[in-house]
Amino acid sequence: MGGLTLYLHVGPHKTGSTYVQELCTGKSEVMAAAGLLYPKEYFRLYGHHDICKVFNSHDDEVVFHSVVDKWKKQGCDILLSSEKLSLMSGDFFRKLKGLFPEYAFKIIYYYRSPSDRMVSQWQELVKHGFTSSFPEFFAKSFFRVSQKGDIGHERFLTDLESVVGRENMVFIDHKRCVSEGNSMQALMSVVGLNGLVEDDNVRRNLSLPIAKAELFRALNIAQQRSDCDASENVRLAFNRLRLAKEPAVRELMDMISADLMYIEVGNSAVDLASYDYMVSRYSDRFWLEPLVPVGRKVKVPRGEWMFNPRALQLLYKVFSVSQGQSEVVFQD
Numbered sequence: 007m008g009g010l011t012l013y014l015h016v017g018p019h020k021t022g023s024t025y026v027q028e029l030c031t032g033k034s035e036v037m038a039a040a041g042l043l044y045p046k047e048y049f050r051l052y053g054h055h056d057i058c059k060v061f062n063s064h065d066d067e068v069v070f071h072s073v074v075d076k077w078k079k080q081g082c083d084i085l086l087s088s089e090k091l092s093l094m095s096g097d098f099f100r101k102l103k104g105l106f107p108e109y110a111f112k113i114i115y116y117y118r119s120p121s122d123r124m125v126s127q128w129q130e131l132v133k134h135g136f137t138s139s140f141p142e143f144f145a146k147s148f149f150r151v152s153q154k155g156d157i158g159h160e161r162f163l164t165d166l167e168s169v170v171g172r173e174n175m176v177f178i179d180h181k182r183c184v185s186e187g188n189s190m191q192a193l194m195s196v197v198g199l200n201g202l203v204e205d206d207n208v209r210r211n212l213s214l215p216i217a218k219a220e221l222f223r224a225l226n227i228a229q230q231r232s233d234c235d236a237s238e239n240v241r242l243a244f245n246r247l248r249l250a251k252e253p254a255v256r257e258l259m260d261m262i263s264a265d266l267m268y269i270e271v272g273n274s275a276v277d278l279a280s281y282d283y284m285v286s287r288y289s290d291r292f293w294l295e296p297l298v299p300v301g302r303k304v305k306v307p308r309g310e311w312m313f314n315p316r317a318l319q320l321l322y323k324v325f326s327v328s329q330g331q332s333e334v335v336f337q338d
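For the sequence shown, the residue numbers in our numbering are 7 to 338.
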């Protein structure tokens, strides 16, 4: 079965992963006919996010071995895609590689300037219950810049390189793909199926508007401190009850909007250092030459609006309604 390749698209988060995953899902049969398997196993929300759990226990490994045998019998190249893979260790990739000794092992990584990605990442985390303010998240992230899985991926990439070899890593510049509308073209080119699946340039998994993200963050805090059942995400309850048009919500949104400030992202010292590192170490491993970092101004919340007594009163009211209660008890 020589000549086959296992491609791992590892994200990372907020680099357009959902976009290419959804296109791959819709064209999986076309891809399979062309010799590239986009498996249905370990699949959730268009990507293979559950692949990260296959070595959690002996039983998980036994099941995974049988699935791998099933994939191999199809005699195709294999594409696995999950941004969660960018959080995994070198040991994980070493074990995975060991199950495919007859396959070439290729990594696909979409590169995005750290501070630019960080704004989108904060908005995404808030969707799922995150409570830190943007300034707090920003500060902590920059202090942890060298840590794997945070805004700097040097350690992660070094771990990967030790497992698969530098020659088996391919980088795609997210900023260039967005500007040229060719994220899917890039992926198809890397896997040797240039033009098979075309870009539709429909945005997926959109970030929340920044003021709404800040409102949800405050509601997340309220849920943490209340005696309410936390089984339903605050954002989902808010949308299910269609609270956006409530007068209290509109007033809160006005307060938050007045509290926004501009910051410049994309060309900070961290971005420039990250770009220099990527170009100096991997310039010949990029699909196309990466664009030089350029700053752009974005609005982010200060968080000072929460010190307004009127805002706290309105927030209390909105949260109570979102929980289907007239009054909610908060823990000290």
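The C-beta atom is built at its ideal place from N, Cα and C for all residues, glycine as well.
Would you tell me roughly how many angstroms separate the C-alpha atoms of residue i and residue j, rounded to the nearest one?
i: Glu-173; j: Tyr-115; result: 13 Å
i: Asp-156; j: Ser-147; result: Note that Asp-156 scores a pLDDT of 47, beneath 50, so its modelled location is shaky and nothing firm can be said.
i: Gly-22; j: Asp-206; result: 13 Å
i: Ala-250; j: Leu-258; result: 10 Å
i: Leu-91; j: Gly-53; result: 11 Å
i: Ala-192; j: Arg-308; result: 37 Å
i: Ala-254; j: Leu-225; result: 13 Å
i: Phe-143; j: Phe-149; result: 10 Å
i: Val-196; j: Gln-127; result: 26 Å
i: Lys-154; j: Phe-70; result: At Lys-154 the pLDDT is 43, less than 50, meaning the model places this residue with poor confidence; the figure from the coordinates comes in the next sentence. One C-alpha to the other measures close to 26 Å.
i: Glu-295; j: His-180; result: 11 Å
i: Leu-214; j: Thr-11; result: 37 Å
i: Ile-227; j: Pro-107; result: 48 Å
i: Val-169; j: His-19; result: 22 Å
i: Val-285; j: Ser-189; result: 20 Å
Output the boundary residues of the alpha helix (DSSP H) element that contains residue i.
i: Arg-287; result: 275 to 288
i: Arg-205; result: First, the residue type needs correcting, since residue 205 is Asp and not Arg in the sequence shown. Run containing Asp-205: none; DSSP gives neither H nor E here.
i: Met-124; result: 120 to 133
i: Ser-87; result: Not the alpha helix (DSSP H): Ser-87 falls in the beta strand (DSSP E), residues 83 to 87.
i: Thr-164; result: 160 to 170
i: Arg-50; result: Run containing Arg-50: none; DSSP gives neither H nor E here.
i: Ser-147; result: 140 to 149
i: Ala-192; result: 189 to 196
i: Asp-97; result: 96 to 104
i: Phe-136; result: Careful: Phe-136 lies outside any alpha helix (DSSP H) and carries neither H nor E.
i: Phe-313; result: Premise fails: Phe-313 is in no alpha helix (DSSP H) and is neither H nor E.
i: Leu-242; result: 240 to 246
What residue range does the beta strand (DSSP E) around residue i cover?
i: Glu-270; result: 266 to 271
i: Asp-233; result: Careful: Asp-233 lies outside any beta strand (DSSP E) and carries neither H nor E.
i: His-19; result: Looking at the DSSP string, His-19 is not in any beta strand (DSSP E), and its letter there is neither H nor E.
i: Asp-179; result: 175 to 179
i: Ala-38; result: Run containing Ala-38: none in the beta strand (DSSP E); it sits in the alpha helix (DSSP H), 34 to 39.
Excluding the five sequence neighbours on either side, which residues of its own chain have a C-beta within less than 7 Å of the C-beta of residue i, listed in chain order?
i: Gln-230; result: Thr-137
i: Pro-299; result: Ser-119, Gly-272, Asn-273, Asp-277, Leu-278 and Tyr-281
i: Met-94; result: Cys-58
Name, in chain order, the residues that DSSP records as bridge partners for residue i.
i: Pro-307; result: Leu-266
i: Tyr-25; result: Its beta-bridge partners do not exist; DSSP assigns none.
i: Tyr-109; result: Leu-10
i: Leu-42; result: Asp-83
i: Phe-292; result: Phe-177
i: Ile-114; result: His-15 and Val-176
i: Arg-302; result: Val-271
Does the beta-carbon of residue i, which I'm using as the reference point, lie nearer than 7 Å to any heavy atom of the ligand ADP?
i: Gly-201; result: Because no ligand of any kind appears in the structure shown, any question about the ligand ADP cannot be addressed here.
Tell me which residues share the same chain as residue i and place their Cβ nearer than 8 Å to its Cβ, disregarding the 5 neighbours each side in the sequence.
i: Ile-262; result: Ala-217, Glu-220, Leu-221, Pro-307 and Trp-311
Under 6 Å Cβ to Cβ from residue i, same chain only, skipping five residues before and after it: list those, please.
i: Thr-31; result: Tyr-52
i: Phe-292; result: Phe-177
i: Met-267; result: Arg-308
Inter-stretch contact at 8 Å, needing at least 3 Cβ pairs: the region 127 to 135 / the region 97 to 116: Inter-segment contact for the region 127 to 135 and the region 97 to 116 is absent: fewer than three beta-carbon pairs are separated by less than 8 Å.
Counting Cβ pairs, one atom from each stretch, are 3 or more of them under 8 Å apart for the region 75 to 88 and the region 25 to 43? In short, these stretches touch, since the Cβ pair count reaches three.
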